[in-house]
Every structure is written in C-alpha cells, then in structure tokens.
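See structure below.
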Amino acid sequence: MRASRLLVDRKREILERWRVRVGKKLAVNALDRGALDDGWGHFLDDLARSLGRHDGEAELHAADGSAHGAQRLRLGFDATELVRETGMLHGAILEIAAERGCALDADEQLLLVRCFYAALATAVGEHVRRRDAAVERE
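Residue numbers for the sequence shown follow numbering that gives the first Met the number 0, so the first one is 0 and each next one is one higher.
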C-alpha cells in the first residue's frame with residue numbers, strides 16, 4: 000500500500016489515534032471535537048494528493064497551514080502546542096503505516112516530512128503574526 004492510499008483509507012483511524020494523544024498530552028479535553036479536528040482531515044486529503052504526485056515537488060503542493068495556525072491561536076494554543084500536535088499527527092501516520100504493513104520508502108518518508116514542515120512553518124508563522132498583531136493593538 001502506498002502512503003497516499005494509506006492516508007485515504009485510514010484517515011479516520013489516524014485522526015482517532017491523534018485525538019487520543021492530543022487529549023492526553025495537551026490537556027485539550029475541554030475543546031469540542033469539531034474545533035480540535037478542524038483542518039486536519041483536509042490536511043490529510045491534501046497530503047495524500049501531494050504524496051501521489053510523484054513529481055519531486057510535493058511539498059510545494061502541501062497544504063498551507065496559515066488557517067490552522069490562526070484557528071489554534073483562537074483556541075488558546077501556543078506555538079509549542081501547535082508544533083507538538085503536528086508531530087503527534089505525523090507519529091500517528093507512521094505508527095499506523097507500520098501496523099498495516101505499509102512500509103514507506105525513503106522517497107515517501109522524505110516527502111511526508113517536507114509536507115509536514117512546509118505546513119507547520121506556515122501555521123506557526125501565521126500564529127506568531129496574529130499574536131504579535133494582537134499585542135500591538137493592546
């Protein structure tokens with residue numbers, strides 16, 4: 000099974016594993032599930048499309064994380080939590096891939112990392128930009 004297919008076929012399982020981890024590590028139990036999940040399902044869809052491209056530039060097509068960073072700021076996340084939750088999603092993908100016998104080849108792993116870092120960079124950048132703007136207004 001290719002990584003792109005795994006993300007499509009196992010999306011619910013990946014998100015559920017991520018939800019459990021985030022709930023334990025980031026103390027976000029008070030947030031409603033819809034708010035917490037917001038954006039990650041679409042991110043996995045975009046990630047699957049990017050991994051399926053095979054054009055060597057998948058990270059250029061990766062999801063822009065700006066909206067996610069802004070949404071997490073509104074929910075009270077700091078940049079550290081944003082990075083941690085993203086790492087937990089990446090970890091959930093790798094664990095489920097291993098459990099399902101989906102050995103990601105080196106190219107797939109590299110593209111996965113590049114896509115995560117690209118999305119994370121834009122998410123954190125937007126998070127910081129909006130936080131700084133709010134401080135300026137005070």
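Where a beta carbon is used, it is the ideal one built from N, C-alpha and C, also for glycine.
Bear in mind the structure is a predicted one, so any value in this text is a computation, not a measurement.
Can you give me the C-alpha to C-alpha distance between residue 9 and residue 52, rounded to a whole angstrom?
About 19 Å.
With DSSP run on the structure shown, which of helix, strand or coil describes residue 69?
Note: residue 69 maps to helix in three-state DSSP.
In angstroms, rounded to a whole number, what distance separates the CA positions of residue 2 and residue 105?
Rounded to whole angstroms, residue 2 to residue 105 spans 11 Å at the Cα level.
Can you round the beta-carbon distance between residue 101 and residue 5 to whole angstroms, since I take them to be within the 8 Å contact cut?
So it is a contact: roughly 5 Å between Cβ atoms.
Span of the alpha helix (DSSP H) holding residue 40?
Counting along the chain, the alpha helix (DSSP H) containing residue 40 begins and ends at 39-50.
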